[in-house]
Amino acid sequence: TSGFLRVPYTTCRSLVPPNDDTPFSPKVFDENGTDVTPQPLYRPDPAAVPPRQSKILMAQDVSGATFSDFFSSAFHTTYASFGGPFTRSLFESSIVSKSSQSTMESLNEEIEEPSSKREGIISLSDVQVRREEVKEPTTEDVLNKKVDIHLTETETLCLLDIPATSVSVESEEAEIVKQRNAAYTELCKNRMGNDKYVERAMQTFNGAPKAKEVQTKSITKVDAGKQTTNWDIYDTLSGTGVEGVVREPPETEESNLLDIMSNHIEDAPAPEVILYSEKFQQDLLVMEKVVLQNIFQPKLAAYRQLPILKDPDSTQKPKDTGKTEKQIQKTEDIPSSPALEPLWSFTCELTVGRNVSSMTWNKMNPDLLAVGYGHFDFEDQKSGLVCCWSLKNLKWPDRIFHCESAVTALDFSGHNGCLLAVGMHNGSIATYNVQSKEKTPITDSSEYPHKHTGPVWQVKWVSQERAHSEEEKGEALVSVSADGRICKWVLKKDLDCVDLMKLKRTKSERTRRQLGERERRSELVIWREVPGLCFDFHPEDSNIYLTGTEEGFIHKCSCSYNEQYLETYKEHKGPVYQITWSPFSPDVFLSCSSDWTIQLWRQDLLEPVLVFTSPCMAVFDVAWSPKWATVFGVVTEKRLEIWDLGASILDPTIVQDARPGVKLTSLQFASESDCILLGDSDGQVGVYQLNLNLGEGTQIKMHCSILLFN
Amino acid sequence: MQSDLIAEVEETLKRIQSQKGVQGIIIINAEGIPIKSTLDNSSTVQYAGLLHQLVMKTRSTVRDLDPQNDLTFLRVRSKKNEIMIAPDKDYFLIVIQNPSD
Numbered sequence: 001t002s003g004f005l006r007v008p009y010t011t012c013r014s015l016v017p018p019n020d021d022t023p024f025s026p027k028v029f030d031e032n033g034t035d036v037t038p039q040p041l042y043r044p045d046p047a048a049v050p051p052r053q054s055k056i057l058m059a060q061d062v063s064g065a066t067f068s069d070f071f072s073s074a075f076h077t078t079y080a081s082f083g084g085p086f087t088r089s090l091f092e093s094s095i096v097s098k099s100s101q102s103t104m105e106s107l108n109e110e111i112e113e114p115s116s117k118r119e120g121i122i123s124l125s126d127v128q129v130r131r132e133e134v135k136e137p138t139t140e141d142v143l144n145k146k147v148d149i150h151l152t153e154t155e156t157l158c159l160l161d162i163p164a165t166s167v168s169v170e171s172e173e174a175e176i177v178k179q180r181n182a183a184y185t186e187l188c189k190n191r192m193g194n195d196k197y198v199e200r201a202m203q204t205f206n207g208a209p210k211a212k213e214v215q216t217k218s219i220t221k222v223d224a225g226k227q228t229t230n231w232d233i234y235d236t237l238s239g240t241g242v243e244g245v246v247r248e249p250p251e252t253e254e255s256n257l258l259d260i261m262s263n264h265i266e267d268a269p270a271p272e273v274i275l276y277s278e279k280f281q282q283d284l285l286v287m288e289k290v291v292l293q294n295i296f297q298p299k300l301a302a303y304r305q306l307p308i309l310k311d312p313d314s315t316q317k318p319k320d321t322g323k324t325e326k327q328i329q330k331t332e333d334i335p336s337s338p339a340l341e342p343l344w345s346f347t348c349e350l351t352v353g354r355n356v357s358s359m360t361w362n363k364m365n366p367d368l369l370a371v372g373y374g375h376f377d378f379e380d381q382k383s384g385l386v387c388c389w390s391l392k393n394l395k396w397p398d399r400i401f402h403c404e405s406a407v408t409a410l411d412f413s414g415h416n417g418c419l420l421a422v423g424m425h426n427g428s429i430a431t432y433n434v435q436s437k438e439k440t441p442i443t444d445s446s447e448y449p450h451k452h453t454g455p456v457w458q459v460k461w462v463s464q465e466r467a468h469s470e471e472e473k474g475e476a477l478v479s480v481s482a483d484g485r486i487c488k489w490v491l492k493k494d495l496d497c498v499d500l501m502k503l504k505r506t507k508s509e510r511t512r513r514q515l516g517e518r519e520r521r522s523e524l525v526i527w528r529e530v531p532g533l534c535f536d537f538h539p540e541d542s543n544i545y546l547t548g549t550e551e552g553f554i555h556k557c558s559c560s561y562n563e564q565y566l567e568t569y570k571e572h573k574g575p576v577y578q579i580t581w582s583p584f585s586p587d588v589f590l591s592c593s594s595d596w597t598i599q600l601w602r603q604d605l606l607e608p609v610l611v612f613t614s615p616c617m618a619v620f621d622v623a624w625s626p627k628w629a630t631v632f633g634v635v636t637e638k639r640l641e642i643w644d645l646g647a648s649i650l651d652p653t654i655v656q657d658a659r660p661g662v663k664l665t666s667l668q669f670a671s672e673s674d675c676i677l678l679g680d681s682d683g684q685v686g687v688y689q690l691n692l693n694l695g696e697g698t699q700i701k702m703h704c705s706i707l708l709f710n
Numbered sequence: 001m002q003s004d005l006i007a008e009v010e011e012t013l014k015r016i017q018s019q020k021g022v023q024g025i026i027i028i029n030a031e032g033i034p035i036k037s038t039l040d041n042s043s044t045v046q047y048a049g050l051l052h053q054l055v056m057k058t059r060s061t062v063r064d065l066d067p068q069n070d071l072t073f074l075r076v077r078s079k080k081n082e083i084m085i086a087p088d089k090d091y092f093l094i095v096i097q098n099p100s101d
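Protein sequences appear in the order of chains A and B. End of the first sequence = 710 in the UniProt record's numbering, gap-free, step of one. End of the second sequence = 101 in the UniProt record's numbering, gap-free, step of one.
Here it is as structure tokens:
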């Protein structure tokens with residue numbers, strides 16, 4: 001009953017004439033003029049209660065409705081409302097249902113007239129009021145009183161009553177019905193030409209339509225379109241998309257690329273964050289390598305033994321191109337004389353002025369070169385430097401390690417390509433991990449009590465095949481130093497070293513005989529050990545190694561005996577700077593010394609097979625070529641010599657002088673290329689291509705024949 | 001550590017700039033706005049805008065062919081010079097070089 005809406009009477013736009021104060025009461029007259037107006041059940045006092053209107057009465061006027069129509073409809077509706085015996089509850093409920101409907105929506109099928117509705121409503125409201133009035137005085141008194149509740153059955157409500165249209169044949173009325181049916185068929189037959197039945201048309205009144213408007217909020221529509229790609233789907237499914245799994249459709253219609261762009265941006269990080277991130281640095285390094293690769297492309301191609309292609313878009317002067325073309329033709333057609341062609345040199349501002357003391361290639365990655373910088377002699381000691389150069393970046397080393405003292409020896413581990421052992425002038429040995437960005441060594445022997453007391457002249461990683469126990473297999477670091485000890489370093493808990501050999505002074509037979517007995521006994525040798533300068537393990541048998549000393553002797557030793565030498569080769573007159581086994585024949589080795597000679601030995605002969613005396617100064621370094629069995633390189637202070645034993649055993653095949661003012665110090669062959677690296681005292685490592693025209697074979701037959709004939 | 005990194009990055013940038021034939025270095029962020037550049041402003045903006053689209057298209061192509069793949073480096077060689085682009089999620093590093101200079 002709360003569905004009513006009170007509307008002031010004055011705003012009612014109904015058929016009530018405005019000047020009429022009394023409620024509108026239609027009168028129904030029948031054909032005789034008697035007043036048969038149906039009386040309402042309850043006629044309230046019009047002044048007592050303000051008339052209520054339902055919302056429906058506010059609706060637009062019913063246009064075109066006549067009074068008679070109005071009355072008839074009123075009559076019908078009221079009749080419908082009051083169908084059957086009714087109780088107050090029914091009346092209420094029907095009104096309620098109707099009015100609740102009417103408050104909410106427009107009813108076109110029912111024509112609501114103000115009068116009866118209003119009266120009904122008013123009566124109801126009055127009833128409501130009365131009921132409320134009655135309630136008030138009883139609430140307090142009656143609350144605790146016992147109330148009798150009577151449940152009664154309401155009278156039967158007949159809602160629908162449709163009389164049957166068919167009758168059973170056996171019923172009493174059957175006869176009557178049959179007669180009637182027969183009469184009707186007669187009538188139908190007669191109807192055709194009968195005057196009594198005439199077609200006639202009638203016009204009925206049309207229901208007046210009513211238009212109703214409703215205004216709602218406009219429904220916003222958004223068009224969303226997306227072009228998706230293969231990877232888009234993949235990203236979303238795997239949940240690794242840049243913007244996560246849930247993606248919002250773009251608001252505006254843009255091109256697809258911009259869509260992707262806008263979706264990818266959430267919060268662009270600040271410039272500083274970008275510029276100084278790790279990833280950016282890596283990208284920068286890669287970019288540097290790419291740029292340098294562009295610049296040095298011909299040189300790198302020569303290094304890799306690829307044909308050098310001329311850039312078709314280059315804007316070089318024709319004179320230059322003419323020359324290079326001729327040169328290329330020459331090398332292709334006519335075998336030229338053996339020559340060293342300079343390619344580039346590893347140098348940067350850090351290394352200028354430093355002496356290159358040692359070089360070594362990485363065993364795992366043949367493009368990586370470690371160069372140690374440090375002075376050999378005591379004066380002018382700067383701190384040492386180790387640079388790891390890569391073929392991809394010729395202008396700046398990939399790794400730079402600063403060492404406290406001058407670096408004198410280097411070696412990369414064969415088993416673990418990242419480990420670099422560095423031997424220094426103050427006797428300490430450090431190992432670095434080249435892969436990490438750490439600038440400090442992994443292990444450092446400077447604290448170790450048994451470390452070397454003199455400069456470490458050579459370090460080498462040696463793989464131990466014959467080992468006593470499982471844990472010893474692997475690699476050991478062997479070093480030789482000026483304090484006369486050859487040590488094998490093992491890293492267990494701490495760095496631990498085992499003396500493989502103590503190099504003792506061996507006096508020659510003659511001097512020993514000269515000294516008398518007494519003198520021999522009282523002989524006080526201040527320094528019993530002789531500095532070792534180099535060593536080399538046998539390529540096949542890791543137990544045997546050769547070592548050269550300052551005395552000029554070469555000792556063949558074994559790891560099993562640390563007191564005695566197996567053999568001694570005495571031929572050199574001065575300190576032996578380098579010994580190297582031949583990679584091709586297992587019994588042959590070369591040695592060079594400061595007595596201006598290079599000597600080629602066979603393991604079983606105590607006399608050298610060949611002696612080369614071409615250079616007139618101390619020979620610092622000698623190295624076998626890894627590609628040709630008869631070729632080796634020699635470095636003296638002022639010259640680089642390439643010897644080819646197949647061509648000549650008396651003279652070097654190629655001689656290259658050092659740049660003025662610069663001393664050459666070290667030599668290294670490249671394993672995968674025909675190039676050699678030359679280190680000098682100015683911090684430069686020059687890369688030269690070796691053109692010997694020896695063809696593809698290793699020349700080993702020539703090598704063996706030379707040895708046999710001698 | 002951070003200052004080391006900053007110094008190294010600056011040094012590397014200088015080194016690249018000093019190499020033979022390098023005409024310019026541009027660094028743009030993910031939105032296409034140049035952060036750092038050694039060229040003049042108008043060229044920078046032009047390069048940034050055009051190359052951004054190119055990289056997006058290239059990346060889309062690479063990933064379309066195999067969604068597990070991704071673009072790591074892009075080089076465009078033309079008659080007069082070469083443009084090298086290192087793309088990343090947050091930035092593009094662009095270097096323009098004329099190697100036969």
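Heads up, the beta-carbon is just placed ideally off N, CA and C, and yes, glycines get one too.
If the five residues before and after threonine 580 of chain A are omitted, its C-beta is found closer than 7 Å to the C-beta atoms of Asp536, Phe589, Leu590, Val622, Ala623 and Trp624, all from its own chain and listed in chain order. Pairing threonine 665 of chain A with valine 356 of chain A gives a Cβ-Cβ distance under 8 Å.
Rounded to the nearest angstrom, the Cβ distance from leucine 533 of chain A to tryptophan 457 of chain A is 5 Å, consistent with a contact under 8 Å. Around isoleucine 35 of chain B, the beta-carbon contacts reaching into chain A at under 8 Å are Pro271, Ile274 and Leu275. Of A/Asn294, A/Thr236, A/His150 and A/Asp444, the smallest CA-CA separation from valine 22 of chain B is found for A/Asn294.
Judged by DSSP in its simplified three-state form, phenylalanine 73 of chain B adopts coil rather than helix or strand. Residue state for alanine 302 of chain A is assigned as helix, using DSSP reduced to three classes. The three-state secondary structure of isoleucine 33 of chain B, taken from DSSP, is coil. Of all residues in the stretch 277-295 of chain A, those with a C-beta nearer than 8 Å to a C-beta of chain B are Ser277, Glu278, Lys279, Phe280, Gln281, Asp283, Leu284, Leu285, Val286, Met287, Glu288, Val290, Val291, Leu292, Asn294 and Ile295, reading in chain order. For the set A/Pro583, A/Thr613, A/Ser585 and A/Ser481, the Cα lying nearest the Cα of glycine 548 of chain A is the one of A/Ser481. By the Cβ neighbour-count rule, asparagine 206 of chain A is exposed, with fewer than 16 other Cβ atoms within 10 Å of its own. Annotation for lysine 178 of chain A: the continuous alpha helix (DSSP H) segment containing it runs 174-190.
Taking 8 Å as the threshold, the shortest C-beta distance from serine 60 of chain B to chain A falls below it. Between glycine 423 of chain A and alanine 409 of chain A, the C-beta gap is smaller than 8 Å, which places the two residues in contact.
Taking 8 Å as the cut-off, the Cβ atoms of threonine 630 of chain A and threonine 613 of chain A do not count as close. Residue contact with chain B for lysine 395 of chain A: present (Cβ-Cβ distance below 8 Å to some residue of chain B).
Proximity of tryptophan 581 of chain A to chain B, defined by a Cβ-Cβ separation below 8 Å, is not satisfied. Using a Cβ-Cβ cut-off of 8 Å, valine 95 of chain B counts as an interface residue toward chain A, since at least one Cβ of chain A sits closer than that to its own. At a cut-off of 8 Å between C-beta atoms, asparagine 41 of chain B does not count as an interface residue with respect to chain A.
Judged by their CB atoms, leucine 5 of chain B and glutamine 281 of chain A are nearer to each other than the 8 Å cut-off. Our two residues, histidine 375 of chain A and glutamine 684 of chain A, have alpha carbons roughly 14 Å apart in a direct line.
Within the same chain, and ignoring the five residues on either side of leucine 50 of chain B in sequence, no residue has its Cβ closer than 8 Å to its Cβ. Threonine 636 of chain A has a beta carbon lying at 8 Å or more from every beta carbon in chain B. Listed in chain order, the non-local C-beta contacts of histidine 555 of chain A below 6 Å within the same chain comprise Thr547, Tyr565 and Thr568, local neighbours out to five positions each way being set aside. The Cβ of glycine 49 of chain B sits no closer than 8 Å to any Cβ of chain A.
Residue state for alanine 270 of chain A is assigned as coil, using DSSP reduced to three classes. Residue contact with chain B for threonine 229 of chain A: present (Cβ-Cβ distance below 8 Å to some residue of chain B). Taking the beta carbon of tyrosine 234 of chain A as reference, the chain B residues within 7 Å of it are Pro67, listed in sequence order. Residues of chain A with a Cβ closer than 9 Å to the Cβ of isoleucine 27 of chain B are, in chain order, Pro271, Ile274, Leu275 and Phe280. Our two residues, asparagine 362 of chain A and leucine 350 of chain A, have alpha carbons roughly 22 Å apart in a direct line.
Looking only at A/Tyr688, A/Cys704 and A/Met702, the smallest Cα-Cα distance to leucine 300 of chain A is reached by A/Tyr688. CA-to-CA, the gap between aspartate 195 of chain A and proline 209 of chain A works out to about 39 Å. Between threonine 44 of chain B and chain A, the shortest Cβ-Cβ separation is not below 8 Å.
For the pair methionine 56 of chain B and aspartate 70 of chain B, the Cα-to-Cα distance works out to about 11 Å. Judged by beta-carbon spacing, aspartate 88 of chain B lies within the 8 Å limit of lysine 279 of chain A, meaning their Cβ atoms are closer than that value.
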